[in-house]
Amino acid sequence: MSGAVSAAIEVRAVEKRFGNVGIIRDLNLSVAKGERHAIIGPNGAGKSTTFNLISGHIAPTSGEVRLNGDLISGLRPFEINRRGLSRSFQVTNVFARMTVWENVRCAVLWATGHRYAFWKNVDSLPEVRERTAQILDDIHLTHRRDVPAGLLTYAEQRELEIGITIASGATVVMLDEPTAGMSHAETDRAVALIRRLTEGKTLVIVEHDMSVVFGLADRISVLVYGHIITSGTPEEIRRDPKVKEAYLGEEAH
Amino acid sequence: MTTAATSTSKMAAEPAGGLRFYGVWLLGILVLIVLPMIFSSGGSLTSFSLIGIAIVFALSYNILLGQTGLLSFGHAVHYGLGGFAACHMMNAVVSHGWPIPLPFIPLFGGLGGLAFAVIIGWVMTKRAGTVFAMISLGIGELVASSSLILRSVFGGESGITTDRTALPKMLGWSFGPQLQVYYLIAFWLVLSAIAMYALTRTPLGRICNAVRDNPERVQFIGYDPHVVRYIAFCFAGFFAGIAGGLAAINFEIANSAYLGAIQSGLVLFSTFIGGTAFFFGPILGAILVTYLQLGLTNLTTAWQLYFGIIFIGIVMYSPGGIAGLLMMHRPLIRAGTLWTVIPSYLVAVVPTVALACGVILAIETVARFSGGDPINLFGIAFIATSPVTWLTAAILVVGGFFVARLAWRRIAEAWDKAATVARDRGYLA
Amino acid sequence: MLELIVISTLNGVLFGMLLFLLSSGLTVIFSMMGVLNFAHASFYMLGAFFGFQLTKWIGFWPALVLAPLLVGAIGMAVERYGLRNTHKHGHVAELLLTFGLAFAIEEIVSMIWGKSPLDYRVPALLDFPAFTIFSTNYPAYKIFMLAVSVIIFVALLIVLKRTRVGLIVQAALTHPHMVGHLGHNVGRVFMAVFGVGSALAALAGVIAGPALVTQSDMAASLGPILFVVIVFGGLGSLPGAFIASLVIGLVQTFAVALDGSLASAFGPLDPSSGPSVLTDVWNVTIAQVAPIVPYVLLVLILIVRPMGLMGTRET
Chain B
2 MSGAVSAAIE VRAVEKRFGN VGIIRDLNLS VAKGERHAII GPNGAGKSTT
52 FNLISGHIAP TSGEVRLNGD LISGLRPFEI NRRGLSRSFQ VTNVFARMTV
102 WENVRCAVLW ATGHRYAFWK NVDSLPEVRE RTAQILDDIH LTHRRDVPAG
152 LLTYAEQREL EIGITIASGA TVVMLDEPTA GMSHAETDRA VALIRRLTEG
202 KTLVIVEHDM SVVFGLADRI SVLVYGHIIT SGTPEEIRRD PKVKEAYLGE
252 EAH
Chain U
75 MTTAATSTSK MAAEPAGGLR FYGVWLLGIL VLIVLPMIFS SGGSLTSFSL
125 IGIAIVFALS YNILLGQTGL LSFGHAVHYG LGGFAACHMM NAVVSHGWPI
175 PLPFIPLFGG LGGLAFAVII GWVMTKRAGT VFAMISLGIG ELVASSSLIL
225 RSVFGGESGI TTDRTALPKM LGWSFGPQLQ VYYLIAFWLV LSAIAMYALT
275 RTPLGRICNA VRDNPERVQF IGYDPHVVRY IAFCFAGFFA GIAGGLAAIN
325 FEIANSAYLG AIQSGLVLFS TFIGGTAFFF GPILGAILVT YLQLGLTNLT
375 TAWQLYFGII FIGIVMYSPG GIAGLLMMHR PLIRAGTLWT VIPSYLVAVV
425 PTVALACGVI LAIETVARFS GGDPINLFGI AFIATSPVTW LTAAILVVGG
475 FFVARLAWRR IAEAWDKAAT VARDRGYLA
Chain Y
342 MLELIVISTL NGVLFGMLLF LLSSGLTVIF SMMGVLNFAH ASFYMLGAFF
392 GFQLTKWIGF WPALVLAPLL VGAIGMAVER YGLRNTHKHG HVAELLLTFG
442 LAFAIEEIVS MIWGKSPLDY RVPALLDFPA FTIFSTNYPA YKIFMLAVSV
492 IIFVALLIVL KRTRVGLIVQ AALTHPHMVG HLGHNVGRVF MAVFGVGSAL
542 AALAGVIAGP ALVTQSDMAA SLGPILFVVI VFGGLGSLPG AFIASLVIGL
592 VQTFAVALDG SLASAFGPLD PSSGPSVLTD VWNVTIAQVA PIVPYVLLVL
642 ILIVRPMGLM GTRET
């Protein structure tokens, strides 16, 4: 439909109101294919709401969201996910009673075409097993594969969260504060992990840690009071006086 | 590279585990074959048949509760409809002279249970949790009440009767004797149990677990939790229908009690008491509950109250059920620390038994206060109206409770120590 | 016909108000604690049986006060020693606990009082016809029941709107996630709410006992209707529970009162067609259908509005 297919995610004039309160006002955002895009902004700016709007967790009051040119606003989360967009959660959101292995494997099943199959033995699907093993290896949790996810340490759960998110092989990956609550060493590890796992994919990330943001992102958008005040390269954002005033200024004091 | 090493050693261990796995199933089948040869009285055959039916029913319930996290208060609807479908099918086979022998009848029971699940399930599984529980209760009442109105289908108060021996014979079996019915039930039990176990190891089965744990997240790995719940609901309805069909064959009747609230409650009790987290949990629960039901009805009028108390005890102190309690010990056995806990268990046995006796005595005192036989507990006769009985009950309950609490604390401490050692040795996460 | 409509409306509103006495407590407990108390109808039954027993010992009026207090105390004990310990295992475990409790209470009641209906009489003071409309005597006791329900309804409104606890309850109704932030006295608030809810259910039992049947299966037969009411109204919505109580009360009363069938309206089917589902449906009277009407309404609302009439919440 849309002629401009270049953008992986295109958000146009999206509004979200809860009752009379406008949380998101005239949101416009464009993320090119293969780009690593960070969304920053002060607390309560609506970053997680933006994620929820794009991933279908909540429907926008008005405006439209496109994924690779296709209209996805108003679709259910699983429909959006099937079109190749996958997201993580700020609060760890794994399958607590299932093992690490099962967590990742479940996230692989739809994308490998097994869907609701009740006539196949899940243990004898070679491509599922290989992909699951590969992802466990990628997120360094192979040695914890038989541990219920609920018993993992916090940092391990965050890594598993990333593993579940990328397991489907989605081309657009959205990570909501992947390093929140981590120590410096853990953060460095997580950033390396993210960089490696999203190679060649489109990445949208919400993050509070500025060193992570400026080290990882190709482009940055600044969200203030539900509105994106500016987008640009890290260098442009660093220099932008509006950003300093609205956001970085806070921390500089 | 220690991580790779452990993972490969686990991979290598799988074939051996597989052997043990098939061993357990073969052993189960062997027990089912041999059981009536050891206990051949009519009473035990009837009990075994009822237990077999209860196991299929409880396993079907666990597809909902244990696998998918759906708490249903109306599962007997599918059981009952399966029973009615089987009865009508048997009567139709006889009157039309179709060449369908009895062993195929449970399949039609299953289709009866499935049909209703397919029709009503989509609306019912829209929502999970408490709402689903309430809806299942409402649908259960709806069907139970409707069954009394639609007399031509459900036969009103008296139900629909049938004659299993009138069907075409198979391999020379008339299915008149209870022994032959037992083997028919055992056959379907094995078949259904294997099918239901296999279901847990399919992509759908695993996604059911994911829906149970976190329906929200499931949406973000491509699945519609509503569809997952619906399919699981249909499977549960199908296997419950098989159990109902077996019951119809066993009793040669289907009536409205099959699909009532009591039947739904019993299957919930069996499954939960046995334990929902392991496949064999509902099997244990069905055996125990059916056995108690058969045994206690002769001993006391208050047998249902004992179920209620056992159930409340399990919910409060061991939500994993009996299977959960047993499996808790596995890492300790592997780590070799189980022996450190056993002495505390032995110490706790005495006050716990005393407490149980006190509760039993108190209940029976109330139950038999206005007439009834004396209470016979371990050969000692207690008269319900005698103050001596009241005093004994009070001392046992109060004394048993306080001593047992101390003993249980000791168990908890010993357990913590043993678990810490097991954790250090890498057998516990 | 007019007579039937007036009398049935009165009875329907009365039944609806009784349902609301029960469903309001259930709704508030659910909103605050996330627990659907399966034993709520059992507390209603305990109220009726305690009321019967206490009436025998000390008379109806003291029983009217004492029975709800006793049941309220039982409710608080259930919250304190049962639910609070089970909370860590999740809402399903809590629901199962109350389910087991309902089962046990029914058994205990039938163990003590037997399974047959009790001779629980209307107090002599109120045993006279209040008024006569179209040759039907309307009993004063029913007017008394209606009055008690309305008084409790008004009292609840005042408590909700004017007191601190009422504000907390209201906050819990609209923002269930905020309940956890009530601070250190959250346990006491829960216990009090649970106790009051149980006591209200028991009060309904005491006053309904003489008018309806007091029997050990009364909880099992009313419970499911109660749950239909709160799902129909929308879980966690008090106005929803109120409307649903009245709707179900009226619909069921009218269904019982209207004695007719398709056969009586249009004449019997051709007898040669023999017994079939069609003839069953044709011959069934509306009164026979009455027990299933609430459940049919439940299915309909789920198809049309899965959240219930006034519901806003997912779970």
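Taken in sequence, the protein lines are chains B, U and Y. All the letters of the first sequence, read from the start, carry residue numbers 2 to 254 under this note's numbering. All the letters of the second sequence, read from the start, carry residue numbers 75 to 503 under this note's numbering. All the letters of the third sequence, read from the start, carry residue numbers 342 to 656 under this note's numbering. Heads up, the beta-carbon is just placed ideally off N, CA and C, and yes, glycines get one too.
Original post:
Going along the chain, which residues of its own chain have a beta-carbon closer than 6 Å to the beta-carbon of residue 429/U, five neighbours each way excluded?
Top reply: If the five residues before and after residue 429/U are omitted, its C-beta is found closer than 6 Å to the C-beta atoms of 474, 475, 478, all from its own chain and listed in chain order.
Original post:
Under 8 Å, do residue 502/U and residue 470/U count as touching if we go by C-beta distance?
Top reply: Using a Cβ distance threshold of 8 Å, residue 502/U and residue 470/U do not count as a contacting pair.
Original post:
Taking DSSP as the reference, what is the three-state secondary structure of residue 470/Y?
Top reply: If DSSP states are grouped into helix, strand and coil, residue 470/Y belongs with the strands.
Subject >> Those runs of the alpha helix (DSSP H) which lie wholly inside the stretch 335 to 381 of chain U and span at least 4 residues >> reply: Every alpha helix (DSSP H) of 4 residues or more that sits fully in the stretch 335 to 381 of chain U is shown, in chain order, as 335 to 348, 355 to 373.
Original post:
Among the residues of its own chain, which have a CB less than 8 Å from the CB of residue 371/Y, if the five just before and after it don't count?
Top reply: Within the same chain, residue 371/Y has close Cβ partners 377, 378, 571, 576, 577.
Subject >> Where the stretch 385 to 409 of chain U meets chain Y: residues whose CB sits under 8 Å from a CB there >> reply: Taking 8 Å as the upper bound on Cβ-Cβ separation, chain Y lies near residues 385, 386, 389, 390, 393 of the stretch 385 to 409 of chain U.
**OP:** Ignore the nearest five residues each way along the sequence and tell me which others in residue 567/Y's own chain have a CB closer than 8 Å to its CB.
**Re:** Only 360, 363, 364, 367, 381, 382 meet the Cβ criterion.
Subject >> Contact list for the stretch 202 to 236 of chain B against chain U, Cβ threshold 7 Å >> reply: Near chain U, meaning a CB-to-CB distance below 7 Å, no residue of the stretch 202 to 236 of chain B qualifies.
Subject >> Beta-carbon spacing of residue 131/U, residue 214/U below 8 Å >> reply: With a cutoff of 8 Å on beta-carbon distance, residue 131/U and residue 214/U are scored as not near each other.
Original post:
From the beta carbon of residue 291/U, is the nearest beta carbon of chain B less than 8 Å away?
Top reply: At least one beta carbon of chain B lies nearer than 8 Å to the beta carbon of residue 291/U.
Subject >> Helix, strand or coil at residue 36/B [DSSP, three-state] >> reply: Correct three-state label for residue 36/B: coil.
**OP:** At 4 residues or longer, and completely inside the stretch 414 to 484 of chain Y: list those alpha helix (DSSP H) runs for me, N to C.
**Re:** Within the stretch 414 to 484 of chain Y, the complete alpha helix (DSSP H) segments at least 4 residues long are 432 to 454, listed from N- to C-terminus.
Original post:
residue 18/B lies in the beta strand (DSSP E); which residues open and close that run?
Top reply: Element bounds for residue 18/B: 8 to 19.
**OP:** Determine the direct distance from the alpha carbon of residue 202/B to that of residue 242/B, and round the result to whole angstroms.
**Re:** When rounded, the distance between both Cα atoms is 31 Å.
**OP:** Closer than 7 Å by beta-carbon distance: list the chain Y residues that pair up with residue 440/U, in chain order.
**Re:** Under the 7 Å cutoff, chain Y gives 452, 453.
**OP:** Might you give, ordered along the chain, the residues of its own chain that have their beta carbon closer than 6 Å to the beta carbon of residue 11/B, omitting 5 neighbours on each side?
**Re:** Within the same chain, and ignoring the five residues on either side of residue 11/B in sequence, the residues whose Cβ sits closer than 6 Å to its Cβ are 31, 67.
Original post:
Whose C-beta lies closer than 7 Å to the C-beta of residue 405/U among residues of the same chain, with five residues either side of it excluded?
Top reply: Excluding positions up to five away in sequence, the list reads 496, 501, 502.
Original post:
Would a C-beta distance cut-off of 8 Å place residue 175/B and residue 55/B closer than the cut-off?
Top reply: For residue 175/B and residue 55/B, yes; Cβs fall inside 8 Å.
**OP:** Put residue 103/B into one of helix, strand or coil per three-state DSSP.
**Re:** In the three-state DSSP reduction, residue 103/B falls in the helix class (H, G or I).
**OP:** Give the residues of chain B in contact with residue 297/U, contact being defined as C-beta atoms less than 7 Å apart.
**Re:** Result: 79, 111.
Subject >> Neighbourhood of residue 469/Y by C-beta, 7 Å cutoff - its chain only, sequence neighbours within 5 removed >> reply: Taken in chain order, the residues that qualify are 481.
Original post:
residue 498/U versus chain B: which residues are under 8 Å apart at the beta carbon?
Top reply: Simply none; closest approach about 16 Å.
**OP:** Would you mind telling me which residues of chain Y sit closer than 9 Å to residue 208/U, beta carbon to beta carbon, in chain order?
**Re:** Simply 377, 565, 568, 569, 571, 572, 576, 639.
**OP:** Determine the closest residue to residue 262/U out of 298/U, 179/U, 280/U, 190/U, with distance taken between C-alpha atoms.
**Re:** Minimum Cα-Cα distance from residue 262/U among the listed residues 298/U, 179/U, 280/U, 190/U corresponds to 179/U.
Subject >> Buried versus exposed, by CB contacts within 10 Å (16 or more), residue 223/B >> reply: Here residue 223/B is buried: its Cβ has 16 or more other Cβ atoms, across all protein chains shown, within 10 Å.
Subject >> Cα-Cα separation between residue 150/B and residue 46/B, rounded to whole angstroms >> reply: Across the structure, residue 150/B and residue 46/B are spaced so that their CA atoms are roughly 31 Å apart.
**OP:** Would you mind telling me which residues of chain B sit closer than 8 Å to residue 275/U, beta carbon to beta carbon, in chain order?
**Re:** Counting only Cβ-Cβ distances below 8 Å, residue 275/U has contacts in chain B at 122, 123, 124, in chain order.
Subject >> Neighbourhood of residue 242/U by C-beta, 6 Å cutoff - its chain only, sequence neighbours within 5 removed >> reply: Cβ within range, chain order: 173, 175.
**OP:** Return the bridge partner residues of residue 620/Y from the DSSP annotation.
**Re:** Beta-bridge pairing links residue 620/Y to no other residue.
Original post:
Quick one, which of 483/Y, 620/Y, 369/Y has its alpha-carbon nearest residue 534/Y's?
Top reply: Nearest neighbour of residue 534/Y by Cα position, chosen from 483/Y, 620/Y, 369/Y, turns out to be 369/Y.
Subject >> Per-residue burial, residue 429/Y [other beta carbons within 10 Å of its own, 16 or more giving buried] >> reply: It is exposed - the Cβ of residue 429/Y has fewer than 16 other Cβ atoms within 10 Å.
**OP:** State yes or no: is the beta carbon of residue 490/U nearer than 8 Å to at least one beta carbon in chain B?
**Re:** Chain B contact via Cβ: absent.
Original post:
Who pairs with residue 96/B in a beta bridge, going by DSSP?
Top reply: None, per the DSSP bridge assignment.
Original post:
How many angstroms separate the CA atom of residue 198/B from the CA atom of residue 139/B?
Top reply: If I take the Cα positions, the gap works out to 8 Å.
**OP:** State yes or no: is the beta carbon of residue 383/U nearer than 8 Å to at least one beta carbon in chain Y?
**Re:** In terms of beta-carbon proximity, residue 383/U lines the interface with chain Y, with at least one pair separated by less than 8 Å.
**OP:** Could you tell me whether the Cβ of residue 486/U comes closer than 8 Å to any Cβ of chain Y?
**Re:** Under the Cβ distance rule, residue 486/U does not count among the residues neighbouring chain Y, no pair being separated by less than 8 Å.
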